[in-house]
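Using our numbering, count along the sequence shown one by one with no gaps and you end on 521.
Step one of this worksheet: look at the structure below.
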Amino acid sequence: MKNQTLFPLHNKGERAEAPHPAPQKSQDSTSAGVPQAHARRVYIETYGCQMNVSDSELIAGILTQSGHQTVSHIDDADVVLVNTCAIRENAETKVINRLQQLNHRKRRHPELIIGVCGCMAQHLRDRLLEVAPYVDMVMGPDAYRNLPMALNAVTSRDPFLGLRLDKSEDYADIASIRKEGIRAWLTIQRGCDKMCTFCIVPFVRGRERSLPLKLLVEDVEKLVEQGFKEVVLLGQTVNSYRDNGHDFGELLYAVSEVNGLERLRFTSPHPADATESMIDAIASCPRVCKHLHLPLQSGSTAVLERMRRTYTAEEYRALVEKLRERIPNIVLTTDIIVGFCGETEAEFMQTYHTMAEIRYDSAFMFKYSERAGTLAHKALPDDVPETEKGRRLKEIIELQEKISADINRALVGETVAVLVEGESRRDAENYHGKTDGFKTTVFPKQDSQIGDIVNVRVNNTTAHTLIGQISNIPCGGQQSLRL
Ligand code: SAH
Ligand code: F3S
Numbered sequence: 039m040k041n042q043t044l045f046p047l048h049n050k051g052e053r054a055e056a057p058h059p060a061p062q063k064s065q066d067s068t069s070a071g072v073p074q075a076h077a078r079r080v081y082i083e084t085y086g087c088q089m090n091v092s093d094s095e096l097i098a099g100i101l102t103q104s105g106h107q108t109v110s111h112i113d114d115a116d117v118v119l120v121n122t123c124a125i126r127e128n129a130e131t132k133v134i135n136r137l138q139q140l141n142h143r144k145r146r147h148p149e150l151i152i153g154v155c156g157c158m159a160q161h162l163r164d165r166l167l168e169v170a171p172y173v174d175m176v177m178g179p180d181a182y183r184n185l186p187m188a189l190n191a192v193t194s195r196d197p198f199l200g201l202r203l204d205k206s207e208d209y210a211d212i213a214s215i216r217k218e219g220i221r222a223w224l225t226i227q228r229g230c231d232k233m234c235t236f237c238i239v240p241f242v243r244g245r246e247r248s249l250p251l252k253l254l255v256e257d258v259e260k261l262v263e264q265g266f267k268e269v270v271l272l273g274q275t276v277n278s279y280r281d282n283g284h285d286f287g288e289l290l291y292a293v294s295e296v297n298g299l300e301r302l303r304f305t306s307p308h309p310a311d312a313t314e315s316m317i318d319a320i321a322s323c324p325r326v327c328k329h330l331h332l333p334l335q336s337g338s339t340a341v342l343e344r345m346r347r348t349y350t351a352e353e354y355r356a357l358v359e360k361l362r363e364r365i366p367n368i369v370l371t372t373d374i375i376v377g378f379c380g381e382t383e384a385e386f387m388q389t390y391h392t393m394a395e396i397r398y399d400s401a402f403m404f405k406y407s408e409r410a411g412t413l414a415h416k417a418l419p420d421d422v423p424e425t426e427k428g429r430r431l432k433e434i435i436e437l438q439e440k441i442s443a444d445i446n447r448a449l450v451g452e453t454v455a456v457l458v459e460g461e462s463r464r465d466a467e468n469y470h471g472k473t474d475g476f477k478t479t480v481f482p483k484q485d486s487q488i489g490d491i492v493n494v495r496v497n498n499t500t501a502h503t504l505i506g507q508i509s510n511i512p513c514g515g516q517q518s519l520r521l
């Protein structure tokens with residue numbers, strides 16, 4: 039199937055060259071490949087996680103190299119691709135609503151092609167056409183190579199379905215097209231083998247596969263040449279990365295040595311794969327940020343067992359202790375689910391107390407949302423009432439807001455190293471950037487430039503932001519200070 043596409047294949051482990059940075063509106067990305075008459079102008083709209091953002095960049099690369107053009111305004115497009123998320127029900131509801139809006143547009147412009155890509159396409163498959171019969175293409179995460187072929191095929195009456203999951207598909211030969219900026223997201227692994235019972239990802243993104251280490255180092259070298267200062271390595275369980283005996287720690291070491299790279303991050307690691315080699319790399323590579331997003335999900339071992347997370351609450355706490363011992367300034371953030379199947383009040387309180395004890399810098403918190411096809415959907419009743427899920431979520435959000443505010447307040451008077459990202463949306467006199475620990479920081483520009491790392495003295499804080507001014511006082515190495 040793959041070899042029948044219009045997209046030229048390259049040797050595995052070797053990227054095609056792509057124009058970079060993605061040119062802006064008037065000269066949006068394009069190159070030769072298909073006859074001009076068939077070249078389409080494609081607008082890509084992205085929902086969901088960073089992996090989807092990264093996949094949209096990949097899709098832009100595939101389309102551009104086959105002679106199509108990506109545009110940054112929907113009014114300029116004759117194809118709209120909606121890259122979707124299926125992780126919770128409300129993510130899918132949002133997309134269905136958006137598709138209805140796009141259908142209104144299609145009524146005014148009947149030639150408009152609407153494609154649905156990503157996790158929701160893979161999850162709902164042809165059922166998507168029952169709710170949105172005007173959709174022309176349904177393309178899962180392993181089918182993007184067929185997008186150029188699909189764009190040609192949709193001229194016929196039938197919609198094009200690309201839904202085969204393919205463990206060998208890693209898009210290693212395809213060069214993504216990214217927007218200009220200081221932070222680049224780099225997918226190092228696709229799919230997930232963990233099978234947490236609540237999670238749809240293994241079903242919609244397929245089996246885990248890693249990209250070659252050598253290729254990733256070359257990718258980072260190119261990103262640095264293109265002007266990116268920070269690279270974020272992406273994977274569903276990023277630290278289970280494995281390439282010919284090289285593990286994730288080795289990848290961190292190798293990538294962090296790329297000349298000119300200022301900062302290296304990654305998301306999201308799985309607690310069960312937090313090896314010594316990974317911890318060593320974070321502790322000893324100065325460019326690897328001292329920030330770990332370490333999803334806990336629940337503080338109850340019984341719930342973790344029902345979730346098949348493969349660690350106990352005690353093991354997770356021991357890991358946090360070890361991380362804080364080895365990397366004293368480490369900033370920890372997490373994901374939590376409340377109201378999972380059978381979660382009792384006592385089990386919920388274990389989550390609450392674990393959060394209070396660990397004191398994360400911030401957390402993404404969710405109500406459990408049953409997903410058709412998952413192991414929990416098949417075997418465990420979704421029996422915590424919606425109002426109760428809502429109450430539990432509100433309680434942990436209140437707790438976390440207070441902890442985040444307290445941790446940030448303790449930074450007042452400290453100096454933090456901030457990588458300058460851009461102008462503050464609220465005030466053109468200010469820049470915003472992130473600390474090493476990924477805290478948003480806002481400060482008057484003075485004579486700093488986007489891409490600089492500046493020392494900012496913190497004067498004021500909220501639960502989510504540090505506010506300060508550029509200071510000549512050096513801060514503690516590359517790390518943001520944490521009390
Ligand atoms: N390992 C992946 C997880 C992706 S999903 C990563 O960190 O990139 C992100 C988070 O969504 C999960 O950690 C979990 O907290 C939440 N989540 C996943 N499935 C969910 C569901 N069915 N209901 C509610 N939250 C869910
Ligand atoms: Fe989902 Fe668990 Fe993998 S949360 S992405 S199945 S690690």
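Think of the CB as a built atom: it goes at the ideal place given N, C-alpha and C, for glycine as much as any other residue.
Please tell me whether His106 and Leu189 are closer than 8 Å, where the distance is taken between their beta carbons.
Position 68 of the sequence shown, counted from the first residue, corresponds to residue 106. Position 151 of the sequence shown, counted from the first residue, corresponds to residue 189. Against a cut-off of 8 Å, the Cβ pair of Leu189 and His106 comes out as a contact.
From the DSSP output, read off the bridge partner residues of Met403.
The residue labelled residue 403 in the question sits at position 365 within the sequence shown. The partner list for Met403 (beta bridge, DSSP) reads Ile374.
In this structure, how does DSSP classify Thr43 when only helix, strand and coil are distinguished?
In the sequence shown, residue 43 corresponds to position 5, counting from 1. Annotation note: pLDDT 31 at Thr43 (below 50); position unreliable, coordinate value reported separately. Correct three-state label for Thr43: coil.
Leaving out five residues on either side along the sequence, give the residues of the same chain with a beta carbon under 8 Å from the beta carbon of Asp174.
Taking the sequence shown and counting its residues from 1, the one referred to as residue 174 is at position 136. Once the five neighbours on either side are set aside, the close Cβ partners of Asp174 are Ile151, Ile152, Gly153, Val192, Pro197, Phe198.
Could you give the distance in angstroms between the alpha-carbon of Thr503 and the alpha-carbon of Val262?
If you number the sequence shown from 1, residue 503 lands on position 465. If you number the sequence shown from 1, residue 262 lands on position 224. One C-alpha to the other measures close to 28 Å.
Buried or exposed for Gly99, going by 16 or more other Cβ atoms inside 10 Å?
Here residue 99 corresponds to residue number 61 of the sequence shown, with the count starting at 1. The residue in question, Gly99, is buried, as its Cβ has 16 or more Cβ neighbours within 10 Å.
Using 10 angstroms around the beta-carbon of Met393, count the other beta-carbons present and answer buried if the total reaches 16, otherwise exposed.
The count along the sequence shown starts at 1 and reaches residue 393 at position 355. It counts as buried.
Could you tell me if Pro366 is buried or exposed, where buried requires 16 or more neighbouring beta carbons within 10 angstroms of its beta carbon?
Walking along the sequence shown from the start, residue 366 turns up at place 328. Exposed, because fewer than 16 other Cβ atoms sit within 10 Å of the Cβ of Pro366.
Pick from Leu166, His76, Phe378, Ala115: whose alpha carbon is nearest that of Pro148?
What you label residue 148 is simply residue 110 of the sequence shown in a count that begins at 1. Checking every option, the nearest Cα to that of Pro148 belongs to Ala115.
Using CA atoms only, rank isn't needed, just tell me which of Tyr390, Gly298, Ile374 is closest to Pro333.
For this step, residue 333 is matched to residue 295 along the sequence shown. The option with the nearest alpha carbon to Pro333 is Ile374.
Considering only the alpha carbon of each residue, which of Thr499, Leu96, Ala455 lies closest to Lys328?
On the sequence shown, position 290 is the one that residue 328 refers to. Measuring from the Cα of Lys328, the nearest candidate turns out to be Ala455.
Could you tell me which residues DSSP pairs with Gln507 in its beta bridges?
Translated into positions along the sequence shown, residue 507 becomes position 469. Partner(s): Arg495.
Cβ distance (whole Å) where Leu224 is taken to contact Leu185 below 8 Å
Along the sequence shown, read from residue 1 onward, the residue named residue 224 stands at position 186. Along the sequence shown, read from residue 1 onward, the residue named residue 185 stands at position 147. In fact, because the Cβ distance is near 21 Å, the residues do not count as touching under 8 Å.
Entirely enclosed alpha helix (DSSP H) segments - the segment 107–185, minimum 4 residues
127–146, 157–162, 166–169
Leaving aside the five residues before and after Tyr291 along the sequence, list all residues of the same chain whose C-beta is less than 8 Å from its C-beta, in chain order.
What you label residue 291 is simply residue 253 of the sequence shown in a count that begins at 1. Excluding positions up to five away in sequence, the list reads Ala319, Cys323.
Nearest residue (CA-CA) to Glu433, options Asp420, Glu461, Met403, Thr453:
In the sequence shown, the residue the question calls residue 433 occupies position 395. Comparing Cα-Cα distances from Glu433 to each of Asp420, Glu461, Met403, Thr453, the minimum goes to Met403.
Can you tell me where the alpha helix (DSSP H) with Ile317 in it begins and where it stops?
Start at 1 with the first residue of the sequence shown, and residue 317 comes out as number 279. Run containing Ile317: 314–322, per the alpha helix (DSSP H) assignment.
Sorry if obvious, but does the Cβ on His161 come closer than 7 Å to a heavy atom of the ligand F3S?
Within the sequence shown, the letter at position 123 stands for residue 161. No, the ligand F3S has no heavy atom inside 7 Å of this Cβ.
Could you please go through the chain and list the residues whose beta-carbon is closer than 6 Å to any non-hydrogen atom of the ligand F3S?
Cys230, Lys232, Met233, Cys234, Cys237, Val239, Pro240, Gln274, Thr275, His308
Measure the C-alpha to C-alpha separation of Arg280 and Arg228 and round it to an integer number of angstroms.
What you label residue 280 is simply residue 242 of the sequence shown in a count that begins at 1. What you label residue 228 is simply residue 190 of the sequence shown in a count that begins at 1. Cα to Cα, the separation comes out at about 12 Å.
Measuring CB atoms only, is the segment 337–345 touching the segment 374–388, in the sense that at least three cross pairs come out at less than 8 Å?
yes
Alpha carbon to alpha carbon, how far is Glu268 from Asn498?
Taking the sequence shown and counting its residues from 1, the one referred to as residue 268 is at position 230. Taking the sequence shown and counting its residues from 1, the one referred to as residue 498 is at position 460. Computed Cα separation, rounded: 26 Å.
Of all the options Cys157, Met316, Glu295, which has the alpha carbon lying nearest to the alpha carbon of Cys87?
On the sequence shown, position 49 is the one that residue 87 refers to. Considering only alpha carbons, the answer is Cys157.
Which residue's Cα is closest to the Cα of Ala159: Lys144, Val169, Val176, Leu167?
Residue 159 sits at position 121 when you count from the first residue of the sequence shown. Among Lys144, Val169, Val176, Leu167, the Cα nearest to that of Ala159 belongs to Val176.
Taking 7 Å as the cut-off, is the C-beta of Ile375 nearer than that to any heavy atom in the ligand SAH?
To locate residue 375, count along the sequence shown from 1; it is residue 337. The answer is yes for Ile375.
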